[in-house]
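Structure record follows, encoded as structure tokens.
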Amino acid sequence: MAVPDYKRLFESAPALTVVLDRDLRIVAASDAYLEATMTRRSEIIGRDVFEVFPANPADGQGEGAEGARGALERVLRERKAQRLSLQRYDVPRPGSLGEVFERRYWNAVLSPLPGEGEEVEYIACVVQDVTDPAREAHLRKVLNVDTIGVVFFDPSGRLISANDTFLGWSGYSREEVATGGLTWEMLTPPEYHAASRAQMERLRATGRIGPYEKEYFTKGGGRRWMLFAGARLDDGMIVEYVLDIGVRKAAERARRESEERYRTLFESIDSGFCVIEMLYDAEGRPQDYRFLEVNPAFERQTGLHDPTSKTMREHVPAHEQYWFDIYANVAETGEPMRFVREAKALMGGWYEVFAFRVGGAGSRRVGIHFNDITERMRAERALSEAARRKDEFLATLAHELRNPLAPIRSAVSILQLREGGDAELHMVGELIDRQVRHLVRLVDDLMDVSRITFGKVQLQRTRVDLREIARDAVATSEPLITAAEHRLSLELGAAPAWVDADRVRLEQVVSNLLNNAARYTPQGGSIALKIGQEDAEAWIAVEDNGVGIDRAQIERIFEPFVQVERRDAGGSGGIGIGLALAKALVELHGGSIRAESAGLGQGSCFVVRLARVAALESVAPAGAAQARRKPRRLLLVDDNFDAAMSQALLLRHLGHEVETAFSGPAALEKASAFRPEVVLLDIGMPGMDGFEVARRLRASPLGRDVMIVAQTGWGQDVDRRRSREAGFDAHLAKPVDLDELMRFI
Numbered sequence: 218m219a220v221p222d223y224k225r226l227f228e229s230a231p232a233l234t235v236v237l238d239r240d241l242r243i244v245a246a247s248d249a250y251l252e253a254t255m256t257r258r259s260e261i262i263g264r265d266v267f268e269v270f271p272a273n274p275a276d277g278q279g280e281g282a283e284g285a286r287g288a289l290e291r292v293l294r295e296r297k298a299q300r301l302s303l304q305r306y307d308v309p310r311p312g313s314l315g316e317v318f319e320r321r322y323w324n325a326v327l328s329p330l331p332g333e334g335e336e337v338e339y340i341a342c343v344v345q346d347v348t349d350p351a352r353e354a355h356l357r358k359v360l361n362v363d364t365i366g367v368v369f370f371d372p373s374g375r376l377i378s379a380n381d382t383f384l385g386w387s388g389y390s391r392e393e394v395a396t397g398g399l400t401w402e403m404l405t406p407p408e409y410h411a412a413s414r415a416q417m418e419r420l421r422a423t424g425r426i427g428p429y430e431k432e433y434f435t436k437g438g439g440r441r442w443m444l445f446a447g448a449r450l451d452d453g454m455i456v457e458y459v460l461d462i463g464v465r466k467a468a469e470r471a472r473r474e475s476e477e478r479y480r481t482l483f484e485s486i487d488s489g490f491c492v493i494e495m496l497y498d499a500e501g502r503p504q505d506y507r508f509l510e511v512n513p514a515f516e517r518q519t520g521l522h523d524p525t526s527k528t529m530r531e532h533v534p535a536h537e538q539y540w541f542d543i544y545a546n547v548a549e550t551g552e553p554m555r556f557v558r559e560a561k562a563l564m565g566g567w568y569e570v571f572a573f574r575v576g577g578a579g580s581r582r583v584g585i586h587f588n589d590i591t592e593r594m595r596a597e598r599a600l601s602e603a604a605r606r607k608d609e610f611l612a613t614l615a616h617e618l619r620n621p622l623a624p625i626r627s628a629v630s631i632l633q634l635r636e637g638g639d640a641e642l643h644m645v646g647e648l649i650d651r652q653v654r655h656l657v658r659l660v661d662d663l664m665d666v667s668r669i670t671f672g673k674v675q676l677q678r679t680r681v682d683l684r685e686i687a688r689d690a691v692a693t694s695e696p697l698i699t700a701a702e703h704r705l706s707l708e709l710g711a712a713p714a715w716v717d718a719d720r721v722r723l724e725q726v727v728s729n730l731l732n733n734a735a736r737y738t739p740q741g742g743s744i745a746l747k748i749g750q751e752d753a754e755a756w757i758a759v760e761d762n763g764v765g766i767d768r769a770q771i772e773r774i775f776e777p778f779v780q781v782e783r784r785d786a787g788g789s790g791g792i793g794i795g796l797a798l799a800k801a802l803v804e805l806h807g808g809s810i811r812a813e814s815a816g817l818g819q820g821s822c823f824v825v826r827l828a829r830v831a832a833l834e835s836v837a838p839a840g841a842a843q844a845r846r847k848p849r850r851l852l853l854v855d856d857n858f859d860a861a862m863s864q865a866l867l868l869r870h871l872g873h874e875v876e877t878a879f880s881g882p883a884a885l886e887k888a889s890a891f892r893p894e895v896v897l898l899d900i901g902m903p904g905m906d907g908f909e910v911a912r913r914l915r916a917s918p919l920g921r922d923v924m925i926v927a928q929t930g931w932g933q934d935v936d937r938r939r940s941r942e943a944g945f946d947a948h949l950a951k952p953v954d955l956d957e958l959m960r961f962i
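Using the working numbering, the first residue of the sequence shown is number 218, and each one after it goes up by one.
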């Protein structure tokens, strides 16, 4: 059998093998080795391996020749095989005379081949060219950046490779990419195909792609916004670098939606809105402002057309300076302002404005939200004027009603003072007196409702026992209760029920409730007045067995001019303001009033609740002795002849010396001659009125000692204030109550 040609077998083996002697000269090499190192057998056999493969001067790390030489020396010294893993050893290109090197990476196993003795005679080097895998490893290290995706497409658009970052974003695995079944068209939503094809055209023309943005489909069917930029490689493949811009796109979308909402709101609200920029003169004073942005309602509410980029002075040269000053203050301080102002030069309208600075410190921009309230202001002024005229009408009505009542009351008082008079005449006098008092109360209630409605009532608070209020109210309402033959029961309690209240006004509330009970209870009915105390409250209740209240009317019973259905109650029910007045007065005290009834025919109960206060340490004794009466010198001045003569007759019956005058000048002349102690002076006289008479009396020698008492049909707060300012000591509304008058004279 023929012996194999081992030399030929060695040289033709597919392994990259080279054999070195102890001097590191090449003694044999396989064909595969020669091909891998770009050499010829005739050129390298017998030569030093490091002469054939010199070190690359450009190898800055110096790992090539030095690493290989060290490993070979260890084989000779230690007589053991050595392994080199991923060793860089650059190879000179043929014909370059060692000037141009090609970078290569190798794995190698260096095995000792001993001779006849134990010394190593040869070294067998089995080499593996791992340049391409090494390059891929380095490339993966470079490409696997967490924030940048890298993808490779072939010229047909098929995805052939991607780094881990892109794979993580897309949801695909490296194995799924390796199948070659993914293309850019499959990954790109249809609406972006045209843009992508345009980029491919650009690639063919310039060799570059992007940057451009589009969404990519993920494996799960979702979408992801990405930014692409890339280029064509030498072998025709396409590389693209990818950034995930989803967060930015979400922020842009949120900002866009916010701007759209703002714009929709900005353009749809009925209120005017604008953003202005303040303009100043050379001295830094605000002189104008420019409109930067306005909404459609702005033009409707101001009448200014196409205002953007123009200044206010261009539109309205006479616009008031205070507008510029206000907005400049907002811009300079950053403090928003809410105000109402009239723009006389701008359509003469009134505007309700909220102004605020736009931007931080130093910004000259101001946002202005406003409403044209001209019609509202006109309506309020009209209401105010109507209220003023109503007050004037009520005051005039009260004056005109009180004037004729004054002589009637005086005449009745004269009848009642006559001793031994006719019993029937005396009864008639009492009847007239009751009706006069009732009419006076109606006039007073009308005036009180008006004053309370417009906040013109001032309470004169003091600590008072509810039991005293109840007794006074009973005395006031007793004639009406007696006339209807009602049975009145009192449960006032054994202990004082102290409250902080206006005694007169609270007595007015309780007497109104008693009067209502008397009017709305059939003849011979029952009325109960009760007082109680619970925790921090004291209460007073008026209960009757009268006509009751329909449940549907319980909530409305305290409205002005609302009356319940009377049915069998008989008599007059008043004009429907008593309960409204009572409610208003109680609430002025900080209390509450409540109506209760089981229904029509079931009677009713009204309960007033007020806050309790601490008991007085000492209480002044009731029933002070009546002031001693003595005859006084009185001058009675009134242009109403009947009123003056009837009151003069009454006062003379009481033992006083009385002179009368029917005009202002006559009053001054009489006062100078008569030298009265008290002047009872009407205010509303023609010519010289009572105010002027009082001022002149005070300025005269008589003025320091004389008491001047106003007797007038004008009873409003403004009239009382004017009388004090004119020098009056007291102000009594007609018809004057005789007992009240006696306290002064």
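Where is the CB? At the ideal position from N, CA and C, for every residue including glycine. Model, not experiment: these values are computed from the prediction.
- Rounded to whole angstroms, the gap between the alpha carbons of L233 and G439 is 51 Å.
- Bounds of the alpha helix (DSSP H) holding I686 are 683-700.
- For D761, the uninterrupted beta strand (DSSP E) run begins and ends at 754-761, by DSSP.
- As the crow flies, the alpha-carbon of A599 is around 30 Å from that of E772.
- In the DSSP assignment, E874 forms a beta bridge with R850.
- Going by beta carbons, F891 and E909 fall outside the 8 Å limit.
- For N324, there is no enclosing alpha helix (DSSP H); the residue is found in the beta strand (DSSP E) stretching over 322-331.
- Straight-line spacing of the CA atoms in Q299 and S378 works out to 36 Å.
- Distance from the CA of I493 to the CA of A578, rounded to the nearest whole angstrom, comes to 16 Å.
- The distance from the Cβ of L301 to that of N324 is about 7 Å, consistent with a contact at the 8 Å cut-off.
- In the three-state reduction of the DSSP assignment, M594 falls in the helix class.
- Close CB contacts of A815 within its chain, under the 8 Å cut and outside five residues either way in sequence, are with G765 (chain order).
- DSSP, read as helix, strand or coil, puts W931 in coil.
- Residues L233, A253, R321, Y322, W323 of the same chain have their beta carbon placed closer than 8 Å to that of D346, with the five preceding and five following residues left out of the count.
- Classified as exposed, Y223 has fewer than 16 neighbouring CB atoms from the shown chains inside 10 Å of its CB.
- For the pair of segments examined, the region 446-461 was found not to touch the region 534-544: the number of CB pairs separated by less than 8 Å stays below three.
- Classified as buried, F823 has 16 or more neighbouring CB atoms from the shown chains inside 10 Å of its CB.
- CA-to-CA, the gap between T400 and V394 works out to about 10 Å.
- The C-beta of Y479 has fewer than 16 other C-beta atoms within 10 Å across all chains shown, which makes the residue exposed.
- Take the alpha-carbon of L852 and the one of Q864: they are about 11 Å apart.
- In the assembly as shown, P428 is an exposed residue. Its beta-carbon has fewer than 16 other beta-carbons within 10 Å.
- Judged by DSSP secondary structure, Q750 falls within the beta strand (DSSP E) whose first and last residues are 743-751.
- The DSSP assignment places complete beta strand (DSSP E) segments of no fewer than 3 residues inside the region 408-472 at 425-434, 440-449, 455-461, in order along the chain.
- Uninterrupted alpha helix (DSSP H) stretches at least 4 residues long and entirely within the region 488-543 occur at 513-519, 529-532, given in chain order.
- Closest option to G520, judged by alpha-carbon separation, among S526, R530, R502, L563: L563.
- Going by DSSP, E804 is part of the alpha helix (DSSP H) stretching over 795-805.
- Here V830 really is in contact with D717; their C-beta atoms are around 5 Å apart, less than 8 Å.
- Beta-bridge annotation (DSSP): T400 is paired with R375.
- DSSP, reduced to helix, strand and coil, places T256 outside both helices and strands of the structure shown, so it counts as coil.
- Excluding five sequence positions before and after S694, the CB atoms of its chain that fall closer than 6 Å to its own CB belong to S728, L731, N732, given in chain order.
- In the displayed model, V292 falls within a helix according to three-state DSSP.
- Residue state for S809 is assigned as strand, using DSSP reduced to three classes.
- Beyond the five residues adjoining it in sequence on each side, V547 comes within less than 6 Å, by CB distance, of M554, A572, R574, V583 in the same chain, given in chain order.
- Per DSSP, N733 is one residue of the alpha helix (DSSP H) stretching across 720-736.
- Residue state for M959 is assigned as helix, using DSSP reduced to three classes.
- Taking a 10 Å sphere around the C-beta of V935, we find fewer than 16 other C-beta atoms and assign the residue as exposed.
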